[in-house]
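These protein sequence lines are chains A and B, in that order.
All letters in the first sequence, in the order written, are residues 648 to 803 by our numbering.
All letters in the second sequence, in the order written, are residues 4 to 202 by our numbering.
Worksheet: the structure to be examined is printed underneath.
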Amino acid sequence: MTTRAVEAWTLQPLVKFAKEAEARLVLVMTSAGQVMAQHGFSRAVEVMAAAALGAAIIASTAEMAKELKQPPFAALTHQGERHGIFLAGFGTARGMLVALVVYDLDVSSVGLVQLFFEQLVAELQAACPTEGVPKQVLAADFERELSDSLNTLFGR
Amino acid sequence: MSLVNFTTREITCKIVYYGPGRSGKTTNLHYVYGRVPDARRGRMVSLATQTDRTLFFDFLPIDLGQISGFATRFQLYTVPGQVYYNATRRLVLQGADGVVFVADSQARQLDENLESLQNLQSNLLEHGVDVRTMPLAMQYNKQDLPRELILSPADLDDALNFRSVPSFAADALHGVGVFETLKGISELVLKRLAAGSTA
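Shown next as structure tokens:
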């Protein structure tokens, strides 16, 4: 199973969580659906589809909570025939993040996922850098390369 | 908000296609999906009603490849255009790096275009974003319709393009102007990113 992190500080807690909760797929993303770390996915673009859907579910249920004048729902779970999904948001120094966990019902359970999820959140909160992301200069020929890439992509 | 990682050298940006109902937002994404090679795009996700009207959003991830050594990906979203779905429209706008406003060129749709533009401004404000700071491109779709039914790109610029942002005449159904629009907004978004990174 591959585990990959865009932000390095998310990697260790994620690897540990995926192993302990016996999760099939795990995504840690921003509330806008930008992937920060992933476990178990094979193709980057499919990861993005899962992230977009997960973030949308969290965003829409948060709005439902507002309508009900209550704090956001702590977690959402759905159980299918073979897989279950667990979805929850949590605060960090980098703002709110969302975790999406997919597990096989024959090797894990929502209880197991919930149990280790609390630990995942605590570890991510502890590991999250509090200072801003360092600014670095992108290459000067960025614009030309962008134009070339777009032309190539569309076969022009 | 875009995600730039200098360690793994990755850039991910979110672009939202906005506009009134039936202006052609989903059609833009369908065309892009059909033209981009399989290896460079993900599955197109559409959360639509039974009559194929967008309920929540359409989503298409595309991989632009390496740009200045950065693996660059765009996430293209559409919003539901129907007035009824404003709550979900606002959610999709969250974290957007750029907006394509897809206007319906039919003269009788001018009020709907204006209303949708005002709605864009108001929904961005709800997220604490001033529309004047958001990379924006205008697309005047359905320019293939008979001339007596539509407004020209110049007329639409006068009526809608208050910020003089890049604008593109289009016939999204047949792909005219779709690529140019995407290229236009991509350049605006990534230029802003490059400018921001030097701050």
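Ideal Cβ placement from N, Cα and C applies to all residues, glycine included.
Being a predicted model, the structure only gives us computed values, none of them experimental.
Residue i lies in the alpha helix (DSSP H); which residues open and close that run?
i	result
Pro156 (chain B)	156-163
Glu654 (chain A)	Looking at the DSSP string, Glu654 (chain A) is not in any alpha helix (DSSP H), and its letter there is neither H nor E.
Phe789 (chain A)	789-800
Val617 (chain A)	Nothing can be reported for residue 617 (chain A), as the shown portion of chain A is limited to 648 through 803.
Closest by CA to residue i, which one among the options?
i	options	result
Leu152 (chain B)	B:Asn144, B:Ala110, B:Leu193	B:Ala110
Glu667 (chain A)	A:Leu767, A:Gln772, A:Glu778, A:Ser794	A:Leu767
Ala703 (chain A)	B:Thr29, B:Val48, B:Thr52	B:Val48
Thr184 (chain B)	B:Glu13, B:Asp66, B:Lys28, B:Val134	B:Lys28
Gln124 (chain B)	B:Leu113, B:Leu139, B:Arg12	B:Leu139
Gly72 (chain B)	A:Thr657, A:Pro660, A:Gln659, A:Glu792	A:Glu792
Leu700 (chain A)	A:Leu747, A:Ala709, A:Thr739	A:Leu747
Cys622 (chain A)	A:Pro718, A:Ala684, A:Ser755, A:Phe801	Because chain A is modelled from 648 through 803, residue 622 (chain A) falls outside the range shown and cannot be assessed.
Lys145 (chain B)	B:Asp161, B:Ser167, B:Phe171, B:Met137	B:Phe171
Ala173 (chain B)	B:Leu196, B:Arg166, B:Ser26, B:Arg12	B:Ser26
Val694 (chain A)	B:Gly101, B:Phe77, B:Glu118	B:Phe77
Give me the Cβ distance between residue i and residue j, rounded to the nearest whole Å; I'm assuming they're in contact under 8 Å.
i	j	result
Tyr36 (chain B)	Ala175 (chain B)	At roughly 12 Å, the Cβ-Cβ gap does not stay under 8 Å, so Tyr36 (chain B) and Ala175 (chain B) are not in contact.
Ile705 (chain A)	Val745 (chain A)	5 Å
His730 (chain A)	Asp751 (chain A)	6 Å
Leu163 (chain B)	Leu120 (chain B)	6 Å
Gly84 (chain B)	Thr57 (chain B)	7 Å
Thr650 (chain A)	Leu771 (chain A)	With a Cβ gap of about 14 Å, Thr650 (chain A) and Leu771 (chain A) do not count as contacting.
Asp113 (chain B)	Leu50 (chain B)	It is worth fixing the name first, because residue 113 (chain B) is Leu in this sequence and not Asp. No, Leu113 (chain B) and Leu50 (chain B) are not in contact; Cβ-Cβ is about 29 Å, not under 8 Å.
Mind checking residue i: buried by the 16 CB within 10 Å criterion, or exposed?
i	result
Thr201 (chain B)	At Thr201 (chain B), the pLDDT of 41 sits below 50, so the modelled position is not reliable; the number obtained from the coordinates is stated separately. Counting Cβ neighbours within 10 Å, Thr201 (chain B) comes out exposed, since fewer than 16 surround it.
Arg44 (chain B)	buried
Lys17 (chain B)	buried
Glu190 (chain B)	buried
Asn116 (chain B)	buried
Leu762 (chain A)	exposed
Arg135 (chain B)	exposed
Gln681 (chain A)	buried
Ala712 (chain A)	exposed
Arg671 (chain A)	buried
Phe59 (chain B)	buried
Pro40 (chain B)	exposed
Asp161 (chain B)	exposed
Pro23 (chain B)	buried
Gly758 (chain A)	exposed
From what residue to what residue does the beta strand (DSSP E) around residue i run?
i	result
Gly738 (chain A)	730-739
Asp66 (chain B)	57-70
Arg92 (chain B)	Note, Arg92 (chain B): premise wrong, no beta strand (DSSP E); alpha helix (DSSP H) at 89-96.
Val745 (chain A)	742-751
Ala722 (chain A)	722-726
Ala51 (chain B)	48-51
Gly101 (chain B)	101-107
Which value, in whole angstroms, describes the spacing of the CA atoms of residue i and residue j?
i	j	result
Val179 (chain B)	Ala106 (chain B)	14 Å
Ser108 (chain B)	His177 (chain B)	15 Å
Thr54 (chain B)	Tyr87 (chain B)	16 Å
Arg92 (chain B)	Glu728 (chain A)	32 Å
Val653 (chain A)	Asp158 (chain B)	45 Å
Leu723 (chain A)	Asp753 (chain A)	20 Å
Ala42 (chain B)	Leu715 (chain A)	44 Å
Thr90 (chain B)	Asn31 (chain B)	A quick correction: the sequence has Ala, not Thr, at residue 90 (chain B). The straight-line gap from Cα to Cα measures roughly 23 Å.
Ala698 (chain A)	Arg150 (chain B)	43 Å
Tyr21 (chain B)	Gly742 (chain A)	26 Å
Leu661 (chain A)	Gly687 (chain A)	11 Å
Asp66 (chain B)	Val82 (chain B)	21 Å
Gly187 (chain B)	Pro169 (chain B)	7 Å
Thr739 (chain A)	Leu94 (chain B)	21 Å
Phe720 (chain A)	Ala709 (chain A)	7 Å
Thr75 (chain B)	Leu193 (chain B)	10 Å
Ile14 (chain B)	Ala769 (chain A)	27 Å
Ala679 (chain A)	Gln717 (chain A)	22 Å
Ser756 (chain A)	Gly736 (chain A)	19 Å
Gln97 (chain B)	Leu734 (chain A)	19 Å
Met141 (chain B)	Arg166 (chain B)	10 Å
Leu63 (chain B)	Glu790 (chain A)	23 Å
Arg12 (chain B)	Ala197 (chain B)	13 Å
Leu674 (chain A)	Leu79 (chain B)	20 Å
Gly68 (chain B)	Asn798 (chain A)	12 Å
For the ligand GTP, I want to know if residue i counts as a neighbour, meaning its beta carbon is within less than 7 Å of at least one of the ligand's heavy atoms.
i	result
Ala769 (chain A)	Questions concerning the ligand GTP fall outside what the structure shown contains, since it holds no ligand whatsoever.
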